[in-house]
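These notes are about the structure you will find just below.
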Amino acid sequence: GGQIELVIFSCMFEIEIVALDVVRDVFDVYGSSSSYKRRIFVIYDGIHYDALAFTYDKGLPEEMDMTIFSSNDDVAFQRAVTLCSMLHKERAYTDTSNFTLRCVDCKIGLVGAGEAQCHAKETGHSNFEEYR
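Under the numbering used here, read the sequence shown as residues 3 to 134, first letter to last.
Right, dumping it as C-alpha cells:
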C-alpha cells in the first residue's frame, strides 16, 4: 500500500519520490516524468514507510542530515538502492503474509497476518508478538 499517497505527495510537493521496498528489494520512482528538480527517498519495511536521511558526520545534530537531493544526484540514488539491497539481505523487514507470530494470551503459533486476524476473531485475543 501507499502508492496512491506517494503519487499525491509527489504532485503536491513537486518532488520526485523514490520508494525503496526492502521486502522485495525493488524501488519505484514517483514523479519521474514531471521533471522535478528535487528528490527524496523513503524506505518501506513491510509495515510502514520511513524517510531516508543521509548523514556526513555522526557527531552532527540530526537537523544537519540531508533528506532532499537533486533529482540528478546519481550517487545518492545508488547509495539508497545499495542500502535497500543490504537491508533485504539482512531480512530487515516484516513479511506480513509469512511472518511467524505467537499469541501472547494462549501461546499458539500463527503464520501471517491472516491467521492472526482469524485467531483474533475466533478467540477475542489481540496480543501478538513476532518470533523467528
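Heads up, the beta-carbon is just placed ideally off N, CA and C, and yes, glycines get one too.
Model, not experiment: these values are computed from the prediction.
Rounded to the nearest angstrom, what separates residue i and residue j at their Cα positions?
i, j, result
"residue 51", "residue 20", "11 Å"
"residue 70", "residue 96", "27 Å"
"residue 64", "residue 57", "8 Å"
"residue 12", "residue 90", "25 Å"
"residue 2", "residue 4", "The first residue shown for the chain is 3 and the last is 134, placing residue 2 beyond what the model contains."
"residue 87", "residue 24", "7 Å"
"residue 30", "residue 123", "35 Å"
Tell me the DSSP secondary structure of residue i in three-state form.
i, result
"residue 67", "coil"
"residue 102", "strand"
"residue 37", "coil"
"residue 7", "helix"
"residue 16", "coil"
"residue 92", "coil"
What does residue i pair with, by DSSP beta-bridge criteria?
i, result
"residue 21", "30, 44"
"residue 111", "104"
"residue 52", "45"
"residue 72", "40"
"residue 130", "105"
State the CB to CB distance for the pair residue i and residue j, rounded to an integer number of angstroms; the pair is presumed to be in contact (CB under 8 Å).
i, j, result
"residue 68", "residue 53", "About 11 Å; that fails the 8 Å criterion."
"residue 113", "residue 100", "7 Å"
"residue 62", "residue 45", "About 21 Å; that fails the 8 Å criterion."
"residue 42", "residue 17", "6 Å"
"residue 131", "residue 104", "5 Å"
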